[in-house]
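Take a look at the structure below.
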Amino acid sequence: IDQRGCACSCLLQNLLSTMSFPGRQAQRAWHLIDASNQTVGRLAATIAPILKGKHKPTYRPNGDCGDYVVVINADKVSLVCKVTKSLAGEAWINSLRSFVNS
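Following the working numbering, the numbering of the sequence shown begins with 15 at its first residue and continues without gaps.
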């Protein structure tokens, strides 16, 4: 009830307030990830959302609600990636060179 004896402003304030989950209520879990025969990028893309807590319904970007991650067999991770040449890019450069030289 406010100064004028009206309870409607308190009710309206409660309806418009944003629901927030404090850090002490965050439930943290442990995740075990096997890194053998995986590339670094795919492994990082798997681990990052778990660390941030994006898989949880209580996720909020300004809060620390992520889980713990344990990576096993990290020495067996693949660091080599295949790089392919773009023929379209080379054709564009060659046509540009022929335009500049003429």
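Beta carbons are placed, not taken as given, at the ideal position from N, Cα and C, and that holds for glycine.
Item: Please check if any C-beta of chain B sits within less than 8 Å of the C-beta of residue 74.; Value: The chain inventory of the structure shown lacks chain B, comprising one protein chain alone.
Item: On a Cα-Cα basis, can you pick out the residue from 56, 70 and 44 that is closest to residue 94?; Value: 56
Item: Let's see if you can read the secondary structure: which residues bound the beta strand (DSSP E) around residue 46?; Value: 44-48
Item: Spatial neighbours of residue 90 within its chain, please: C-beta separation below 6 Å, excluding the five flanking residues on both sides.; Value: 50
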